[in-house]
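What follows is a short report on a single structure.
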Amino acid sequence: MTAVKNRKAQLGPAEVKAELLAKYPPKVARKRSKQIMINEALENGTPEITANVRTIPGIITMRGCTYAGCKGVIMGPTRDIVNLVHGPIGCSFYAWLTRRNQTDPGPEGPDGENFMTYAFSTDMQEQDIIFGGEKKLAAAIQEAYDLFHPKSIAVFATCPVGLIGDDIHTVSRQMKEKLGDCNVYAFSCEGYKGVSQSAGHHIANNQVFRHIVGADDRPVEGKYKISLLGEYNIGGDGFEIDRIFKKCGITNIATFSGNSTYKQFATAHQADLNAVMCHRSINYVADMMETKFGIPWIKVNFIGAKATAKSLRKIAAYFEDKELIDRVEAVIAEEMPEVEAAVKEILPRTEGKTAMMFVGGSRAHHYNELFKEMGMKTISAGYEFGHRDDYEGRRVIPTIEVDADSRNIEEIEVEADATRFKPRKTAEAMQALEAAGTVKFKDYEGLAPDMDAGTLIIDDLNQHEAETLVKLLKPDIFCAGIKEKFSIQKLGIPMKQLHSYDSGGPYAGFKGAINFYQEIDRLVNSKVWSYMKAPWQENPQLSGAYVWE
Amino acid sequence: MLLRHTPKEITERSALTINPAKTCQPIGAMYAALGIHGCLPHSHGSQGCCAYHRSALTRHYKEPVSAATSSFTEGSSVFGGQANLMQAFSNIFAVYNPEIIAVHTTCLSETIGDDLPQIRKKAIAEGKIPEGKYVISASTPSYAGSHVTGFSNMVKAMTELAEPTGKKNGKVNLIPGWVEPADMEELKRLSKLMGVGTIMFPDTSGVLNTPLTGEYKMFPDGGTTIAELKSTADSIGTIALGEWSSADAARELDSKHKVPCKILDMPFGLKATDRFIDALHKMAGVNVPEEIMVERGQLVDLISDMHQYFYHKKVALAGDPDQLIAMTEFLVSIDMCPVHIVTGTPGKKFEKRIKELTAGMPCQVNVRAKGDFFLLHQWMKNEPVDLLISNTYGKYIARDEDVPFLRWGFPILDRQGHQYFPTVGYKGGLRLLEKILTLLLDRKDRDDTEMKFELVL
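Going down the list, the protein sequences come from chains A and B. As numbered in the working numbering, the first sequence has no gaps in its residue numbers, which increase by one up to the final residue, 549. As numbered in the working numbering, the second sequence has no gaps in its residue numbers, which increase by one up to the final residue, 457.
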C-alpha cells in the first residue's frame, strides 16, 4: 500500500459520506447518517445534525463516561479540594494526573494547598458491593480529613455505587456536619448515566453551583471583576489568559476550573460578568448564576490571537469604561506584532494545508480560528460529546428533543437570590450593547456557521470513520485524542492531540497562538513522514543485483 | 514539593487508598487479549472503562489500541446488558471483522450479574457469531484483585480454545505473564536458541511495538494465533511465568488436558533466568547452547565488575507481585538491599515470599500487599533509600525526596524503550543493571565534591 498522502483527493462530500456508511449494517448506517452532515451555507442557519445520542454498542467510539466528564474534566483541576472517588480502584487511577492540568500552588508558594498529585479512592471490594459501601466512605472521608484538613472534600460515584444504592449525599452531609470546618458534598456521576462525558459536566455544574458558588461573601477586591468559565488550564492555557487579563487590568475572580481553588468558586457570585470559553461543559453554571445573582454571560474564545483580541474587546465593551477599552487596545497593539511576525514566518509552510478536528464539545470550533490564522482549511470537524446547539447555535435549544438519557440528568430549578440578586446591567443597557453589535449575551453561534459549505461535520466520530476519512481526504493534520493518535499516525498523517496537547501548550492567548503555529508547522513539515518507505522499496526487489552487476 | 501533604508520621488507614499501586481488572484483560492475533478486546460495561483502558495502554505503548465497548446506558444498567452485547457482536463482525472477540466484564456488568457464557450461547444460537469466528470471555470484576488478576483471568479464558487432537505437538506452552512486548520477543529468542518449539500466549510482540510504514493494521501481524491456542492442549508441557499472572491458565491446561505445568518466577535477573532456562532444558530435553552460557557469563561478569556500586545500596520498590518478587531476588543477589516494597495487588503470599527472599539481608524490610504509593513514600521519609524502582507515578516521590528513579513496570508514561528493550533473561538483566548503574553513578557524579570527582569509575 502506498502512503495515503500520495493519493489524490477526488471525492465530493456526498460520496465520502456514502463511503463512511458503506460497511455498516443498515440500522447502524441509518443512525450514523443523521450524525454526518454535509455543511451548507443556508440563509437562516445550517442543516440539522443529530447529536448527544447514544453510542452504538460495538462501534469503537472516542467517547468516555459521565464520571470522566465530572471528576476528570470539571473537578479534576481544583487544587485544594480533596477529590475522593467512591468505587473500585480503576476510576480513580485513570483520572490521576492524566489530563495535564497545570497547577500553581498559589501565593503561599510551596506551602500552598495542592492535592492535584494525589489520587484518593475508597477502593471498594467485593464485600462493599454486597453489603454496601457507605460506612467505608464515611471512614475514608474521616481519614482524608484527619490527614490533610482540607477546606472541602468532594465525593464521586462510580458505576457500582448507584447500582447498590449507596446514599453518598447523605453520608457527605453527615460528614460535613460532623467535621464542622470542611464542606463535603457528592456527585452522582456514575459512568452509565447519559451518553457521554457531557452528562458529567452537567452533574458537576449542578453540585458546584448548589454547594460552593456563593458560599463566601467576603468581598473580593478588584476592578472589572469577571469569572472565566470552561477553561481547564491544559498545558498552561489558563496561565496565559490570566497573564493577559492582568495586563489589561481585568480581575479574574474564578476560573472554572483550571488551577482553581475552593475560594474562587465560593466567591464567584461577586463577578460582574461571566466569560464562557467551553460552552458545552459549563454553560449550565453560567445560566444558573445569571438567574440567581444577576450576572450576565457572554461567549468568549481565547484560542487564536485574533479571537483573543476579539474576546478582550467584548469584555471591555461590556464594562463600557474608556479606561478599560483603551487599556485592552494598548495590550492588543503590544502583543500582536510578535504574533504577526510568527505567522509571517510559518505561513509559507502552512498555507493551503488541510486539517480535521474531532474533539470535545467546543475545541473543534475554537481551533478553527488558529488554523485559519495559519492559512489552513478545516475540511471536516465534529465533537465527541457536543449537543446540537454546539453545532447549530443556542437558538436551536428549544427545538432539541429531550430523550430519556438527557431527562435522567437533573435540571436545577433556580430562583433569584433573596438578598444577593443584583442585575449587573439593566435590560435596556444590555439591549443597547447588543444593538451596537459588540456584545451578544447568552449566545453561542456554534461550529457549523464557521465551516465552509461542502465540508463534513460529523458527531461522535468513530475509529472506522476516522480511518476512512483520512484515507479518502488525506488531511495534512488530524486532531483528536490519545486513543486516536497512533492509528492515524500509522497511516503517515501527523496527529495532534487537542484534549491534552500531547506535550505542548499553552495554545491560548497571544503567546499560545505562537506556540501553536510553531507546533503545527513542526508536525506538518516533519521530515519523518517521508521515511515510510526504504529506498529498495521504491524499485522492484530484483533490480538490486542487476544494478550492482 | 509536589507531594507536600504527605506526612512522615504513619497512621494506619482502613478505608482510604491514596495514590494506588494497582488499577482494576479489566485493563489487564484488555492487554492480554491484544496478545491474540486478530483479536478485538471488548469491554462489557459503560464506555468510560474502555476509553480509560485504551488511553492508559496507548500512553504506555505509544501504539494504537483498538477495543470495543457495550456502551451501557442507564437502561442497560437496570435491565441487563445482554441486548447491548448481542448488538455489539453483530456490529463488530460486520465493521471490523476480527478473528476473535475477547469479552471481559466490568464492575458494572458484574454488579448487575450479566452472565457472559449464557449471552455467548444465545449469540451462537442466533447466528450472531459468523462461522469460523470465536468469542471468549472472562469475568473481571474491578472490585476484586487488581489489573494483574484481570490479566490472569483473560489468559485463563484463552485455554477455552485448547482442543486436543490426540497427537502431541512436541512444543512447550510458554505463558509469559504481564511483561512487555520486548520481553515476549526475548523469551521467544531464548527458546529458539535452546531449540525448543514454543507456543507463547499471550504474545503482544508485533502488536504493541509495530513499525511505522504508512499502513495501519487494526489487527497487526503479531499475536498468538487461534490455531496455536487450540494446539496448547497437545503440548508436552507448560511453563508459566509468574504465580499471579500466569499460573491459573497453566493449571487449567493441566487439569483439563493433562498438559503438565511448571510455575516459575518471572525471569528477571540471574537466578530466575537460570531457573527458566533450566526448566526449558528439562521439559524439552534439550541442551543449553553455548550462546546462552555466554550471555549468562556476561551478566555475572557485570555484577562482579561493578559490585562495589551495588553493595548495600537501599532500594524502594512499587509494582506488581510477579515483577517485585523477581526484582527483589535479583537485587538481593547482587547485594543491594530492597527495604521498602509495596504492591497494590492483594495476596498474603506476596508478603511471605518477599520476607523469605530478604531474610538474610542486613536491614529491616517493610513489605505490604494492598499497599499504596502514599505508604511507600512515608516509609521512604522514615528510612531513606538510594534508589526508587516503580512505574511512572514514582517520579513525584523521587523528585520530592531527590532519589534516583528507575522506571520499571506499568504504566510508563514519560519515557521510551520498554516496548523495544527487554528486561527479562540475561540480556535483560544486563539492561537493568546498566540502567541502575547509570542512575547511581550519575548521582555520584552530581554529588561528589570537585576533589572527589573522578574520571574512571
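Just so it is clear, CB atoms sit at the ideal spot from N, CA and C, and this is done for glycine as well.
What in chain A is Cβ-close to residue i, meaning under 8 angstroms?
| i | result |
| --- | --- |
| Q378 of chain B | Ordered by position in chain A, no residue passes the 8 angstroms Cβ test against Q378 of chain B, which lies about 11 angstroms from the chain. |
| N84 of chain B | P57 |
| F89 of chain B | G58 |
Closer than 7 angstroms by beta-carbon distance: list the chain A residues that pair up with residue i, in chain order.
| i | result |
| --- | --- |
| S66 of chain B | I60 and Q463 |
Is residue i near residue j, with beta carbons less than 7 angstroms apart?
| i | j | result |
| --- | --- | --- |
| K225 of chain A | D167 of chain A | no |
| V339 of chain A | A305 of chain A | yes |
| I253 of chain A | A275 of chain A | no |
| V367 of chain B | I341 of chain B | yes |
| S196 of chain A | F385 of chain A | yes |
| H377 of chain B | T17 of chain B | no |
| P181 of chain B | T204 of chain B | yes |
| H279 of chain A | S362 of chain A | yes |
| I457 of chain A | F478 of chain A | no |
| Y554 of chain A | I346 of chain A | For chain A, the structure presents residues 1 to 549; residue 554 of chain A sits outside this window and is missing. |
| T140 of chain B | G150 of chain B | yes |
| I482 of chain A | S55 of chain B | yes |
| L229 of chain B | M158 of chain B | yes |
For chain B, find out if any of its Cβ atoms is closer than 7 angstroms to the Cβ of residue i; answer yes or no.
| i | result |
| --- | --- |
| M1 of chain A | Reliability fails at M1 of chain A, whose pLDDT of 39 lies under 50, so the model's placement of it is uncertain and no value is given. |
| F93 of chain A | yes |
| T291 of chain A | no |
| E519 of chain A | no |
| K8 of chain A | Because the pLDDT at K8 of chain A is just 47, under 50, the model does not fix this residue reliably, and the value given afterwards should be weighed accordingly. Taking Cβ atoms only, chain B never reaches closer than 7 angstroms to K8 of chain A, which makes this a no. |
| A144 of chain A | yes |
| T261 of chain A | no |
| T455 of chain A | no |
| R407 of chain A | no |
| E19 of chain A | no |
| P449 of chain A | no |
| T117 of chain A | yes |
| I551 of chain A | In the structure as shown, chain A begins at 1 and stops at 549. Residue 551 of chain A is therefore absent and cannot be evaluated. |
In terms of alpha-carbon separation, which member of the options lies closest to residue i?
| i | options | result |
| --- | --- | --- |
| V78 of chain B | B:A102, B:N97, B:G45 and B:S66 | B:G45 |
| Q364 of chain B | B:G371, B:P338, B:K348 and B:K349 | B:P338 |
| R424 of chain A | A:H464, A:T50, A:P219 and A:P296 | A:P296 |
| C50 of chain B | B:A67, B:A94 and B:P362 | B:A67 |
| F410 of chain B | B:Q419, B:I92 and B:D402 | B:Q419 |
| S227 of chain A | A:P26, A:Q270, A:R218 and A:V208 | A:Q270 |
| K344 of chain A | A:P88, A:I514 and A:K223 | A:I514 |
| I412 of chain A | A:R218, A:H211 and A:L20 | A:H211 |
| S246 of chain B | B:K8, B:E12, B:A29 and B:T11 | B:A29 |
Please list, in chain order, the chain B residues whose beta carbon lies closer than 7 angstroms to that of residue i.
| i | result |
| --- | --- |
| K136 of chain A | A15 |
| P494 of chain A | Within 7 angstroms Cβ-Cβ: nothing; P494 of chain A doesn't reach chain B, min ~12 angstroms. |
| M124 of chain A | Y143 |
Measure from the C-beta of residue i to each C-beta in chain A and report whether the shortest distance is under 7 angstroms.
| i | result |
| --- | --- |
| N19 of chain B | yes |
| T73 of chain B | yes |
| S139 of chain B | no |
| S70 of chain B | yes |
| L2 of chain B | yes |
| S55 of chain B | yes |
| I100 of chain B | no |
| C39 of chain B | no |
| T225 of chain B | no |
| T213 of chain B | yes |
| S245 of chain B | no |
| S77 of chain B | yes |
| I92 of chain B | yes |
For residue i, which residues in the same chain have their Cβ closer than 7 angstroms to its Cβ, ignoring the five residues on either side in sequence?
| i | result |
| --- | --- |
| V179 of chain B | M266 and V424 |
| S333 of chain B | G269, L270 and K271 |
| T438 of chain B | none |
By Cβ distance below 6 angstroms, which residues in the same chain neighbour residue i in space, the five residues on each side in sequence not counted?
| i | result |
| --- | --- |
| K353 of chain A | M376, D476 and V524 |
| G509 of chain A | E240, I241, I244, F302 and T308 |
| G242 of chain B | G177, M266 and D322 |
Excluding five sequence neighbours on each side, which residues of the same chain lie with their C-beta closer than 8 angstroms to the C-beta of residue i?
| i | result |
| --- | --- |
| A593 of chain A | The first residue shown for chain A is 1 and the last is 549, placing residue 593 of chain A beyond what the model contains. |
| K34 of chain A | I49 and T50 |
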